[in-house]
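Encoded as structure tokens, the structure appears first; notes follow it.
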Amino acid sequence: MGRHNMTKRRMWRLLAVLFAFSLVAAACGGDDEDGDGASETETETTAAATEDDAMAEDDDAMAEDDEDDGATGALGGAAAEEDIEAAVAGEDGDEEMAEEEMMEEEMMFDRSTLEGIFEEAAARRAKTVAELTEKIESGEYGVGDDGILRGPAGFTIDMNGCPDDWSDTTGITDSQVRIGHTTAQSGNLAAYGNIAYGWENYFNWINENDPIMVGGSPRDLTLIIKDDAYVAAQTIEFVDELIEAENVFSILTLGSPNTLAVYDKINEECIPHPFVMTGHPAWGDPVNHPWTTIMQMSYSTESILWGAWIRENLPDLLPVKVAGLVMDNDFGLAYELGFEEWAHANTDVVSEYLPVRHDPAAPTLTNEMTTILAFEPDVFISMTAGNPCLLAIQEAGQSGLYDDINAKGGALFTPSVCKGIEAYMKPAGDFANNWWIIGGGSKDSTDPKFIDEPFIAFANSNLEAAGLDPAVSLYAIGYTYGYPYGEALRVAADLPGGLTRTNFILAVRSIDIYHPMILDGIITQFNGNADAYFVEGSDFSQFNATEQTWTQVGDVVDVNGKSTNCAWDKDEGGCR
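Residues 0 to 575 (numbering that gives the first Met the number 0) are what the sequence shown spells out, left to right.
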């Protein structure tokens with residue numbers, strides 16, 4: 000057995016322990032009258048604390064690897080033993096300090112009003128600008144005489160490797176900041192293209208009401224959208240156009256296979272590529288891909304949370320048979336590999352795991368669902384995206400899988416990328432009832448419990464005024480992505496030298512905001528090489544088809560700053 004597999008197995012087990020204790024707390028308490036109560040199972044403290052010599056040696060090797068990769072966190076890739084024990088015992092001092100700081104910030108600003116949210120945003124920006132400016136002026140941060148851009152927690156970019164014709168201000172004109180975006184506005188995942196329209200709507204509001212200032216003059220944020228139909232070859236072509244013909248300041252991509260196809264080139268071209276619209280773990284690689292960052296919870300974290308939830312909530316069925324409906328591309332593979340590794344390391348929880356792949360463009364999932372039904376799973380996990388999410392719910396119901404699993408007390412999961420009620424749950428009718436989701440902390444703008452929140456009401460009002468239907472929650476997801484993007488642009492514009500590509504990526508890698516479209520209790524920040532994942536927490540929610548709402552079960556889980564970096568191996572899959 001190779002070192003790679005051994006470290007991965009140990010990682011999953013340790014992660015399961017941490018999340019399991021969070022899930023016990025969630026299952027035994029909270030606001031979940033509609034949720035399933037979980038029986039407390041025997042803890043794994045002893046198992047987690049007991050290691051053989053090989054694993055101890057493995058720890059040393061992993062520590063060296065983390066140092067090489069610029070990673071200081073451990074939970075996403077390999078949690079430090081003391082961190083696990085402290086978390087289990089409730090003695091995590093860093094976490095308590097973070098919670099106290101969050102409480103102080105909440106008391107200072109009124110998050111129940113739009114004004115209060117914007118006041119907090121301004122205060123946080125000012126704090127970040129002051130900290131970065133001090134470091135830049137002292138020579139610790141910024142581009143040095145050696146051509147190296149330096150930032151927080153060991154973050155560096157060798158600017159000497161950028162193209163000869165590269166400019167720090169490409170895309171910034173006398174009137175615009177030009178931002179390129181590839182997305183799917185046709186094909187099976189066309190619904191995700193609505194995110195671009197929402198993002199553009201938010202930028203239009205900024206342009207008209209609170210513009211980005213460059214050199215004392217306002218600049219319009221101009222979004223240049225290219226429809227790649229979720230076809231990676233088309234993404235490659237459009238990224239070339241955005242770089243060579245459109246002269247964009249930065250680029251945003253949607254989709255795991257699409258982004259994997261272009262993120263090497265975008266980084267070689269030294270173009271900011273932040274907050275990509277995909278949760279693939281590969282985007283947490285500040286050492287090898289410093290210009291690319293993630294926004295949502297990673298699919299690896301989601302996979303682990305599925306397993307941890309099963310352990311804590313289905314004790315009478317253990318070990319369970321799990322079937323996964325997997326989109327047959329890099330996106331689905333990230334889910335498949337993540338859960339497969341967890342299942343192999345936790346055979347007391349999962350006795351058999353059957354991944355069934357489907358063509359992303361398939362009009363039906365009947366054949367795949369027939370295979371899954373014959374497997375007789377206790378748990379079904381939809382590891383797909385877009386319209387196939389709805390098809391999975393509908394065909395699970397029509398095939399009898401939904402009834403079979405519910406009759407035996409099992410569970411059905413839809414993925415975090417398909418949390419939208421209007422798009423994926425409501426059309427499925429009663430078959431959507433009681434489905435679970437590891438939701439990544441995002442708020443659905445059409446959910447009755449969020450619809451009156453000030454920022455969501457603000458977003459929906461802007462969308463409606465522009466002729467966009469607020470009932471389509473993916474429009475508001477554009478605000479979810481646009482908000483941190485806009486905050487980072489504002490920070491960069493206020494740094495010495497003003498808005499430049501290097502100042503922008505420095506601002507992104509230092510960002511620490513309250514995100515009004517993310518559930519309270521989940522921290523949203525980056526910290527150079529030490530924290531390359533913006534969202535590292537999630538809710539556990541169950542769908543109520545009668546009320547058309549996701550019912551959060553228990554508290555959110557957040558492991559901010561503990562996910563290790565991921566240098567993705569394109570040939571073999573997985574993090575190197």
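All C-beta atoms, glycine included, are put in the ideal place defined by N, C-alpha and C.
- No Cβ-Cβ contact shorter than 7 Å links LEU336 with GLY527.
- LEU253 is bridged by DSSP to MET276.
- Residues of the same chain with a CB within less than 6 Å of the CB of ILE371, apart from the 5 flanking positions on each side, are ALA322, VAL355 in chain order.
- Of VAL349, ALA120, PHE108, ILE380, the smallest CA-CA separation from TYR484 is found for ALA120.
- For ASP167, the CB contacts under 7 Å within the same chain, skipping 5 residues up- and downstream, are THR499, ARG500, THR501 in chain order.
- Boundaries for GLU421: no alpha helix (DSSP H) harbours it, and the DSSP string shows neither H nor E there.
- Here GLN184 is not near ASP157, since their CB atoms are 7 Å or more apart.
- In the DSSP assignment, GLY197 falls within the alpha helix (DSSP H) that extends over 193-208.
- When the five nearest sequence neighbours on each side are left out, the beta carbons in the same chain lying within less than 7 Å of the beta carbon of THR365 are those of GLU394, in order along the chain.
- Boundaries of the beta strand (DSSP E) around LYS225: 216-226.
- In this structure, ALA431 lies away from ILE404, with their beta-carbon atoms at least 7 Å apart.
- Taking 7 Å as the cut-off, the Cβ atoms of THR182 and LEU259 do not count as close.
- Under the Cβ criterion (8 Å, minimum of three pairs), the stretch 233-244 does not count as touching the stretch 199-217.
- By the Cβ neighbour-count rule, PRO447 is exposed, with fewer than 16 other Cβ atoms within 10 Å of its own.
- Sixteen is the threshold: since fewer than 16 other Cβ atoms of the shown chains lie within 10 Å of the Cβ of MET107, the residue is exposed.
- At a cut-off of 4 residues, the continuous stretches assigned as alpha helix (DSSP H) that sit fully inside the stretch 314-399 are 329-344, 365-374, 386-398.
- The closest CA to that of GLY186, considering only LEU316, TYR229, ILE178, SER297, is found on TYR229.
- Annotated three-state conformation of ASN461 is helix, per DSSP.
- One thing to note: GLY497 has its Cβ within 7 Å of the Cβ of VAL213.
- Distance from the Cα of PHE338 is smallest, within the candidate group GLY440, GLY153, PRO387, PRO414, for PRO414.
- Scanning the stretch 436-461 from its first residue to its last, no whole alpha helix (DSSP H) run of 4-plus residues comes out.
- Rounded to whole angstroms, the separation of the alpha carbons of ASP173 and MET516 is 32 Å.
- The alpha-carbon separation between SER460 and ARG110 amounts to approximately 18 Å.
- Under the 10 Å beta carbon count, LYS561 is surrounded by 16 or more other beta carbons and is classified as buried.
- Taken through DSSP and simplified to helix, strand or coil, ALA531 comes out as coil.
- Nearest to ILE235 by alpha-carbon distance, out of VAL319, ALA195, LEU251, LEU316, is LEU251.
- With a cut-off of 8 Å on Cβ pairs, the stretch 216-226 is not in contact with the stretch 140-158, counting fewer than three such pairs.
- Counting along the chain, no alpha helix (DSSP H) covers LEU467, and no H or E run does either.
- Per DSSP, HIS288 has no beta bridge partner at all.
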